[in-house]
Structure formats: C-alpha cells, structure tokens
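Student: Okay, handing you the structure first.
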Amino acid sequence: FQRQLTDVGVTDLNQLPSTLTVASDLTTTIRFDLADDPTAVELIAPEHGIPAENPHRVIGPVALTETGRTPHGMKDAAAYILTNVFGLCGIRVVVEEVSPLALAGGMESSNVFLVAVLAGGSMLSGANLSQADIVSLAIKLENDKFGGLTGGQGHLCCFLGGAYRHVWLSGIKDSNGRLVNPYAAYSIPVLSDRALARLEEHITLVQAGVKYRNGKKVESRAAALTNTMWTDLLRDHDDVGFPLHQEKIALAARYAQALQAGDFSAVME
C-alpha cells in the first residue's frame with residue numbers, strides 16, 4: 534500500500550498514505566531466561582500452543598527455506614533474531630500471559646513480540662539499536678522472513694503509545710525510481726491524554742466474522758484472506774479496486790482530523 538499509493542513528486546503529507554493508531558491497555562510480558570542448552574534458543578508461549586514442558590527449540594542459526602523464509606514462520610522468529618541477527622544463543626524467550634482480547638487477533642500481538650525480541654537482542658548483544666532501527670528491522674523481518682504481512686503501525690505503536698497518525702514515507706522514490714527509505718514514517722501525535730479518555734467512551738472492539746463456542750474459536754477471522762485480496766487489487770492495478778484504495782489517502786487524513794476535533798459524526802462517516 535505504502536509503495537503503490539505514493540505518487541512521484543508528492544510534497545504534502547496529506548497526499549501520502551497514513552495510518553492512525555490508538556494504543557490499548559492490553560499488555561503482555563516477554564521474559565528472557567537462560568536456556569537449558571547453551572547452544573540453543575528456546576521459545577515458550579503457552580497461549581500459542583508452545584508449553585514450557587515442550588518448548589520450540591532451535592540449535593544454531595535458522596536455515597531458511599528455498600523461498601527465503603523461516604521453516605516454521607513466527608515460531609522461528611526468536612531463534613532467527615537472536616542467533617542469525619545478533620549471534621546469540623543459550624537464551625529462553627518466554628511469552629507470559631497475553632490478554633484474551635489480544636489473542637483474538639488484529640491487535641498487533643506479533644508486532645509486540647518482534648519489537649520485544651529485537652530490543653532484548655539489541656541490549657544483550659550490545660548492538661544498541663535505535664528505536665527507528667528496531668522498527669525498520671521488525672517490519673522487514675516479519676514481511677520477508679516470517680511470512681507475515683504488516684505495514685509497521687503496530688511496531689511504532691509499541692514505542693509511542695498514545696494516539697498517533699503515522700504518515701508513511703516508505704514509498705517515496707528518488708529521480709531514478711528507487712526507494713529512499715523503504716521503512717520510514719513521520720509520526721504525528723493526534724490526541725492529548727484527556728482526549729484519549731474521551732475517545733475510550735466511543736470505542737467498541739469488534740472481531741467481525743469470528744465465531745466462538747465455550748470461549749474457543751470455531752471460525753477464524755478472515756484478515757489474511759482480506760489482505761491477499763486487497764494486495765492482489767493493488768498489484769494488478771484493478772480498474773475498480775485500485776481507485777477505491779486511492780481514496781483511502783484522503784479518508785485517513787480526514788479521519789485523524791475528525792478525531793482530533795472530537796467530531797464523532799465525521800469519524801463515523
């Protein structure tokens with residue numbers, strides 16, 4: 534989206550793609566311990582089906598598939614980041630209790646996890662990456678190595694909190710058509726703490742299409758399918774879909790302005 538919907542020579546922030554984020558109160562803790570095997574990286578995430586008695590254990594660097602992806606997707610993310618990126622091993626990464634609302638999906642929990650592991654690896658290795666470095670690397674790895682599809686708004690929200698409009702500079706190209714910075718954003722604060730409290734009174738969190746029985750999902754959300762359909766329309770420059778996607782640039786800017794003004798009629802529109 535960021536690359537396809539950025540016109541060459543654009544000079545106004547309101548003509549660039551943007552995403553508004555509002556940080557939630559949902560929390561989790563990512564803990565780093567010594568692993569039993571000093572040559573391995575272990576992942577324990579009970580809420581995601583990886584219990585302490587049977588951790589996901591990788592010894593040595595993660596070998597990528599023929600397509601350049603990790604064999605087990607996000608399950609290999611901790612091992613890939615700690616060993617392949619930072620040269621570390623002998624570490625156990627524990628994902629402690631996650632809010633059920635976040636587990637339902639769509640709340641950027643994978644982004645939170647990657648930012649935490651990258652920040653931990655940076656500190657433990659002495660690399661001392663900046664927040665911008667961590668965000669750029671997290672977006673690239675999730676899309677290129679772990680089989681995800683993310684724009685980066687969740688990674689930025691981890692660091693900034695609050696309510697921000699992230700204007701994407703990622704699609705800006707030089708005179709030769711080359712990307713200037715493939716993972717860049719200009720983040721603008723939108724709401725004060727008082728306005729955030731007022732906004733909370735107007736928010737309902739909905740998982741559209743997800744069905745539960747006795748607290749367990751029996752029908753998953755269709756986010757991945759929707760993303761695939763949308764990106765197909767972009768890639769193919771579909772006669773109907775592409776112009777509709779282009780309308781989102783102005784809509785996103787108006788949405789942020791309406792929230793800032795407390796105009797909830799315009800927000801709903």
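Per our numbering, the very first residue in the sequence shown carries number 534; after that it's consecutive. Every residue gets a Cβ at the ideal spot worked out from N, C-alpha and C, and that includes glycine.
1. Locate the alpha helix (DSSP H) running through T552, then write down its first and last residues.
2. Leaving out the 5 sequence neighbours to the left and right, which residues in its chain are closer than 6 Å to L615 when beta-carbon positions are compared?
3. Could you check where the alpha helix (DSSP H) with S663 kicks off and where it finishes?
4. Pull up the distance between the alpha-carbon of A595 and that of T572, whole angstroms please.
5. Give me whichever residues DSSP pairs with K706 in a beta bridge.
6. Is the beta carbon of V723 less than 8 Å from the beta carbon of L689?
7. From L657, L538, G681, S632, pick the residue whose C-alpha is nearest to that of N760; which is it?
8. Provide the residue(s) that pair with D566 in DSSP beta bridges, ordered along the chain.
9. Return the bridge partner residues of E488 from the DSSP annotation.
10. State the beta-bridge partners of W701 as determined by DSSP.
11. If you reduce the DSSP assignment to three classes, tell me which class K673 lands in.
12. For the beta strand (DSSP E) holding R746, just list the boundary residues, first then last.
13. Spell out whether any CB of chain B is found under 8 Å from the CB atom of D545.
14. Could you tell me how far apart the beta carbons of T562 and E641 are, in whole angstroms, since I believe they sit closer than 8 Å?
15. Is A741 a contact residue of the ligand COA, with contact defined as CB to any heavy atom under 7 Å?
16. Relative to the alpha-carbon of Q548, which residue among E733, D771, Q537, I736 has its alpha-carbon at the smallest distance?
17. Considering only their Cβ atoms, is the gap separating A610 from F679 smaller than 8 Å?
18. For K678, does the three-state DSSP call read helix, strand or coil?
19. Would you call E675 buried or exposed, if buried means 16 or more other Cβ atoms sit within 10 Å of its Cβ?
20. Might you give, ordered along the chain, the residues of its own chain that have their beta carbon closer than 8 Å to the beta carbon of A665, omitting 5 neighbours on each side?
21. Within this structure, are the beta carbons of V627 and D566 separated by less than 8 Å?
22. Should A717 and S703 be called a contact, given that it needs their Cβ atoms to be closer than 8 Å?
23. Consult DSSP for I782 and reduce its assignment to one of helix, strand or coil.
24. For Y719 and L559, which I take to be in contact (beta-carbon distance under 8 Å), what is that distance rounded to the nearest angstrom?
25. Tell me whether M607 is buried or exposed, calling it buried when 16 or more other Cβ atoms sit within 10 Å of its Cβ.
26. Among A728, I672, G687, whose alpha-carbon lies nearest the alpha-carbon of G792?
27. Measure the alpha-carbon distance for K781 versus A568 and round it to whole angstroms.
28. Distance, Cα to Cα, P584 vs A783?
Tutor: With the given structure in hand:
1. Position 19 of the sequence shown, counted from the start, is the residue given in the question as residue 552. Unbroken run through T552 is the beta strand (DSSP E), 551-555; no alpha helix (DSSP H).
2. Numbered from its first residue, the sequence shown carries residue 615 at position 82. Contacts found: V574, L621, I624, G654.
3. Here residue 663 refers to the residue found at position 130 of the sequence shown. Taken as a continuous stretch (DSSP letters only), S663 belongs to no alpha helix (DSSP H), as it is neither H nor E.
4. As a position in the sequence shown, residue 595 is number 62, starting the count at 1. As a position in the sequence shown, residue 572 is number 39, starting the count at 1. Note on residue identity: the sequence assigns Val, not Ala, to residue 595. Using only the alpha carbons, I get a separation of about 12 Å.
5. To locate residue 706, count along the sequence shown from 1; it is residue 173. K706 is bridged to L712.
6. To locate residue 723, count along the sequence shown from 1; it is residue 190. To locate residue 689, count along the sequence shown from 1; it is residue 156. No, the Cβ-Cβ distance between V723 and L689 is not below 8 Å.
7. Here residue 760 corresponds to residue number 227 of the sequence shown, with the count starting at 1. If we check each option's Cα against that of N760, G681 comes out closest.
8. Here residue 566 refers to the residue found at position 33 when the sequence shown is read from its first residue. BP columns for D566 point to R625.
9. What is shown of the chain runs 534 to 802, which leaves residue 488 out entirely.
10. As a working note, residue 701 is residue 168 in the sequence shown. Paired residues: A718.
11. Looking up residue 673 in the sequence shown gives position 140. For K673, the three-state secondary structure derived from DSSP is helix.
12. Here residue 746 is taken as the residue at index 213 of the sequence shown, counted from 1. Here the beta strand (DSSP E) through R746 covers 744-746.
13. Considering every chain present, this structure includes no chain B. It has just one protein chain.
14. Position 29 of the sequence shown holds residue 562. Position 108 of the sequence shown holds residue 641. In this structure T562 does not touch E641 by the C-beta definition: roughly 16 Å separates them, more than the 8 Å allowed.
15. The ligand COA is not among the ligands present in this structure, which contains no ligands whatsoever.
16. One-based indexing of the sequence shown puts residue 548 at position 15. When only C-alpha atoms are compared, the closest one is Q537.
17. Against the sequence shown, residue 679 aligns to sequence position 146. Against the sequence shown, residue 610 aligns to sequence position 77. Yes; because the gap between Cβ atoms is below 8 Å, this pair is in contact.
18. Here the question's residue 678 lines up with position 145 in the sequence shown. Coil.
19. The residue labelled residue 675 in the question sits at position 142 within the sequence shown. Residue environment for E675: buried (at least 16 other C-beta atoms within 10 angstroms of its C-beta).
20. In the sequence shown, residue 665 corresponds to position 132, counting from 1. Cβ neighbours of A665 within its own chain (closer than 8 Å, five residues either side excluded): none.
21. One-based indexing of the sequence shown puts residue 627 at position 94. One-based indexing of the sequence shown puts residue 566 at position 33. Yes; because the gap between Cβ atoms is below 8 Å, this pair is in contact.
22. One-based indexing of the sequence shown puts residue 717 at position 184. One-based indexing of the sequence shown puts residue 703 at position 170. Closer than 8 Å, so yes.
23. Numbered from 1 along the sequence shown, position 249 holds the residue referred to as residue 782. Here I782 sits in helix by DSSP.
24. Here residue 719 corresponds to residue number 186 of the sequence shown, with the count starting at 1. Here residue 559 corresponds to residue number 26 of the sequence shown, with the count starting at 1. That pair is no contact at about 26 Å.
25. Within the sequence shown, the letter at position 74 stands for residue 607. Classification of M607: buried, given that the 10 Å Cβ count is 16 or more.
26. As a first step, residue 792 is located in the sequence shown; it is residue number 259 there, counting from the start. According to the sequence shown, residue 792 is Leu rather than Gly. Selection A728, I672, G687 evaluated against L792 yields A728 as nearest (Cα-Cα).
27. For this step, residue 781 is matched to residue 248 along the sequence shown. For this step, residue 568 is matched to residue 35 along the sequence shown. Cα-Cα distance, rounded: 47 Å.
28. Translated into positions along the sequence shown, residue 584 becomes position 51. Translated into positions along the sequence shown, residue 783 becomes position 250. Answer to the nearest angstrom: the Cα atoms are 46 Å apart.
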